[in-house]
Amino acid sequence: MNYLIRDSLDHCVKCTICETYCPVSQVTPLFPGPKYIGPQAERYRGAGPSPDSSVDYCSGCGICTQVCPQDVKIAEINSRARAKLWEKRGIPLRNQMIARPTVIGRLGTPVAPIANWALHNRAVRRMVQRVVGVHRDAPMPSFAGRTFQRRSRTHHGPAGAPAVVYFHGCGTNYYEPILGEMVVAVLEHNGFRVVVPPQDCCGLPLQSNGNFPAARTYVRRLVGRLVPYAREGLPIVANSTSCGLMLKREANEILGIEDDDLKVVSESMYDLCEFLLRLHDRGALRTDFASLPLTVPYHAPCQQRGHGIGKPALDLLALVPDLTMIELDADCCGIAGTYGLKKEKYEISMAVGKRLFDDITASGSDTAACDSETCRWQIAHGTGVTAVHPVELLYRAYGLGGRRQPGPVPAAHRATPVNG
Amino acid sequence: MNYDTVVIGAGLAGLTAALRLTEQGQRVLVVARGVGATHLSPATLDVLGYVGNTRVESPAQSVASLVASTPDHPYGHVSEAQRGAALAWFVTRAATALGYMGSVEENLLLPTALGVPKPAAFAPRTMAGGDLRAGGRFVFVGFKGFKDFHPTLIAGNVARAGLAAPIAARALELEPPASGRGDLSGRVLAGRFDTEQLGDWLVSALEGRVDPDERIGVPAVLGLRSGDAAWQTLEQRLERTVFEIPTLPPSIPGIRLFNALTSALRAGGARVVLGVRAAGARVEDGRIEAVAVTNATGTVSHPTRSVVLASGGFASGGIELDSFGVTRETVFDLPLAGVPDTDHVHFEPGYFDSQPLARAGVPTDDLLRPVGGGGRPVYPNLHAAGATLGGAVPWKEKSGTGISVITGYAAAEAILRPAPVPMSESAR
């Protein structure tokens, strides 16, 4: 597999389709484009690291691989080249920090009020930019204080119902536990018992920051937590599209992990909307939706498109009476996980997202839907609208939030507006 | 999900079939390994440009004689009325955003980026002003730093092309405002036209430098989202005919075409999934019941009533020639026609020679259903379109986009309005 990924560069016919789609090279000359830095430069890399560091400006969105008509694994080649570069040079402290959401979550959660004050305080942020290198305007979520793991410990689902395993990821655990509760409510409404195993980071941020050894440790630990359920034949659902994709494909294709446990977990993984749509295909999804007279623009994040499952959120939300979804065609919001947090990349990330922000603003809606948490925070930051996971719309349409409709905006969705 | 039709391939043939079906109320899924050949295409509709080495003046007439002499040509499976209907629908209903101009009765003659006069039946209106047939005076404008577009080369070749009407051509090279990039791609320039009002710069750079009777040819980079509007503004403000010349890939007009078709598909509720691969079918009672599609972890089976195979030819991997000299259709392993026997020559030494393998492809009946031995359809609900079809040499005939639009539309029509089953067959 390792060789197959790299060897796919021989399929490149230099058609430049990836270059026309790369959102980063469109807005900055610092990244010369996926073909140039991928299948072309890779031929010169040999055993050593890249002689030129522009590969670090690849955001890892993965669009190049999706649009390539010749099956060249461009993003994967570039991700590996980036890791080699940092292996040689040593990963900066900042990148080591922001790539460990579990550590940040554990540190921030007990002191959430203070941490949230600091995260959104201009003076503190200016200092953080100077000392650490995290851009002062980059979107930051708020710690919820009480983790989803803690909340789920006291929640007891319907006994005897068929079980589904929930991989909630760090975003849900530390910042958006309310989203996790909605996921559980929607699954329980459809007759499932939701199992929430103890879990931490999937290693994706470490992977995209070039620390493959640490990323492998994280993903192996997570796989160890999930594999007993997968071996029982239970489906695993994830609401974070990028973390789900890590387990489905990237741990194997980028980190090069080849073991049976990972394979079993991969084959049991479903994106949440993919899982719900499959239920519907079998006639097993409840469709007792109340009217939701809203028009909501929907952005399928890059990593969601990497699943190769279409846009199941749109098929599901089409079932809700009076709800109109606008399918946006902007490619990327720009944040790419931790990319847009970095002081030297923040402006690039906002320039990449501009088209999406403009389209959302032009829609006139005060709510947008998007499956990935960091993308939602970026959208909220770039537009000022509330950005929700599609499941939140299902949750409301099922009437699971009680009579208060629509529910209050969870704190995590209120990322700092651009000029805030 | 259940679909009425699964279309395999997101090139011009696949998108045309998908849009016709969607417009007629079908629920359509398009799956493709990646973006198709639109991004490499000048976006002209080339119905037929050459027969042998003779340039075609009237595609309508020449197609009729081509079909008579070469019945296995893809056009031979589509009636003349339907060929006309396909082009008319495409121009007036499907790709309206590009404002196609032209006619199937006579070819336009448009300069390429090498200055070669190239025949095409229809062209986006941003390009149509470059028609060389009437002759006249031309200024070809290049942008400094933009690779592979050399106005002096274009002007020289156009002037010596030996066309009937006299042509005077000259070149101008302009320097766009600095962008901090040493290397300008068409995509980057088009982005700058969209966001930085490079049109204003172009007007001021050309004002006073072009005579009233000169037509102005510029590289086709006037904007990706607002190219047509930028072109209109240029014509109005300069009070001259302005026309775009398609560039080497990436082709901005081709991307505009892809965007116009996919946004119409989205608006119609069709799904387009890229980065996946169709990997065979579930067949029951001789019919395709579902198409298997790969995703990040395995394959998913999509139940469907009909299938359009528009996966392309050799260049796109729809048909493969392996190192043992074996040729195969890659999704359904369909029978191929036109493949030389293994002990016969596959390739002639000269690149521009008539290559025996070039006409290889999927043979079909008149409903564009791939056929096997005895001319019977392999599956009654599978139709093929575009470069997957055998019997043509599109790059030489200048017929590629025409074949894609015409057979894409005809495949959709065959699904929507299958011919009534003859009595003898339905009684069996």
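Chain order of the listed sequences is A and B. Numbers given in the numbering used here equal positions in the first sequence, counted from 1, plus 10. Numbers given in the numbering used here equal positions in the second sequence, counted from 1, plus 1. A virtual CB, placed ideally from N, CA and C, is assigned to each residue, including glycine.
Rounded C-alpha distance that separates residue i from residue j
{"i": "Gly192/B", "j": "Phe144/B", "result": "15 Å"}
{"i": "Tyr54/A", "j": "Ala148/A", "result": "35 Å"}
{"i": "Ile264/A", "j": "Ser89/A", "result": "7 Å"}
{"i": "Arg226/A", "j": "Ala128/A", "result": "32 Å"}
{"i": "Pro209/A", "j": "Gly179/A", "result": "According to the sequence displayed, residue 209/A carries Gln and not Pro. About 8 Å."}
{"i": "Thr71/B", "j": "Asn3/B", "result": "39 Å"}
{"i": "Pro61/A", "j": "Met256/A", "result": "28 Å"}
{"i": "Pro152/B", "j": "Glu174/B", "result": "7 Å"}
{"i": "Pro304/B", "j": "His78/B", "result": "28 Å"}
{"i": "Val7/B", "j": "Val32/B", "result": "8 Å"}
{"i": "Gly37/B", "j": "Ser317/B", "result": "8 Å"}
{"i": "Ser227/B", "j": "Asp195/B", "result": "6 Å"}
{"i": "Arg424/A", "j": "His130/A", "result": "Because the pLDDT at Arg424/A is just 44, under 50, the model does not fix this residue reliably, and the point stays unresolved."}
{"i": "Pro357/B", "j": "Gln314/A", "result": "44 Å"}
{"i": "Asp81/A", "j": "Ser18/A", "result": "7 Å"}
{"i": "Val435/B", "j": "Glu398/B", "result": "Since the first and last residues shown for chain B are 2 and 429, residue 435/B lies out of range."}
{"i": "Glu402/A", "j": "Ala323/A", "result": "11 Å"}
{"i": "Arg163/A", "j": "Arg136/A", "result": "38 Å"}
{"i": "Pro44/A", "j": "Gln83/B", "result": "42 Å"}
{"i": "Arg272/B", "j": "Leu266/B", "result": "7 Å"}
{"i": "Gly391/B", "j": "Ala359/B", "result": "8 Å"}
{"i": "Ile320/B", "j": "Thr93/B", "result": "32 Å"}
Within-9 Å CB hit, residue i to chain B
{"i": "Arg259/A", "result": "yes"}
{"i": "Ser252/A", "result": "no"}
{"i": "Tyr239/A", "result": "no"}
{"i": "Met279/A", "result": "yes"}
{"i": "Cys71/A", "result": "no"}
{"i": "Lys321/A", "result": "yes"}
{"i": "Val77/A", "result": "yes"}
{"i": "Ile89/A", "result": "In the sequence as displayed, the identity of residue 89/A is Ser instead of Ile. By this cut-off, Ser89/A is not an interface position."}
{"i": "Gly318/A", "result": "yes"}
{"i": "Gly155/A", "result": "no"}
Strand pairing of residue i, partner residues [DSSP]
{"i": "Pro378/B", "result": "Val372/B"}
{"i": "Phe244/B", "result": "Gly218/B"}
{"i": "Ala248/A", "result": "Phe177/A, Asp281/A"}
{"i": "Ala170/B", "result": "Phe139/B"}
{"i": "Cys380/A", "result": "His309/A"}
{"i": "Tyr4/B", "result": "Thr305/B"}
Cβ of residue i within 9 Å of any chain A Cβ
{"i": "His40/B", "result": "yes"}
{"i": "Asp323/B", "result": "no"}
{"i": "Ala221/B", "result": "no"}
{"i": "Ser59/B", "result": "no"}
{"i": "Arg21/B", "result": "no"}
{"i": "Arg272/B", "result": "yes"}
{"i": "Ala18/B", "result": "no"}
{"i": "Val294/B", "result": "yes"}
{"i": "Val189/B", "result": "yes"}
{"i": "Asn3/B", "result": "yes"}
{"i": "Thr298/B", "result": "yes"}
{"i": "Ile256/B", "result": "yes"}
Own chain, CB closer than 7 Å to residue i, minus 5 neighbours either side, in chain order
{"i": "Val37/A", "result": "Ile358, Ala361, Val362"}
{"i": "Pro112/B", "result": "Pro118, Gly131, Leu133, Ile155, Val159, Gly218, Ile246"}
{"i": "Pro395/B", "result": "Ala388, Gly401, Ile404"}
{"i": "Pro60/B", "result": "Val48, Leu49, Val105, Asn108, Ala122"}
{"i": "Phe147/B", "result": "Leu185, Leu190, Pro220"}
{"i": "Leu262/B", "result": "Leu16, Leu20, Ala95, Ala96"}
{"i": "Phe325/B", "result": "none"}
Residues of its chain near residue i, where Cβ-Cβ distance is below 8 Å and the 5 sequence neighbours each way are ignored
{"i": "Pro102/A", "result": "Gly143"}
Spatial neighbours of residue i in its chain, beta-carbon cut-off 6 Å, leaving aside the 5 residues before and after
{"i": "Ala378/A", "result": "Pro307, Ile370, Ile389, Val395, Ala397"}
{"i": "Asn382/B", "result": "Arg288, Ile289, Ser307"}
{"i": "Met150/A", "result": "Leu129"}
{"i": "Pro336/B", "result": "Gly373"}
{"i": "Ser373/A", "result": "Pro307, Ile336"}
At which residue ranges does the region 47-107 of chain A contain complete alpha helix (DSSP H) runs of 4 or more residues, listed in the order of the chain? 52-55, 73-77, 84-99
Residue ranges of each alpha helix (DSSP H) run of no fewer than 4 residues wholly in the region 283-358 of chain B, ordered along the chain? Runs found: none.
Which parts of the region 182-252 of chain A are runs of the alpha helix (DSSP H), unbroken and 4 residues or longer, counting only runs that do not cross its ends? 187-199, 214-218, 222-241
If we require 4 or more residues per run, which alpha helix (DSSP H) segments fall completely within the region 42-77 of chain B? 60-70
Please list the segments of the beta strand (DSSP E) lying wholly inside the region 299-370 of chain A, counting only runs of 3 or more residues, in order along the chain. 304-309, 333-337
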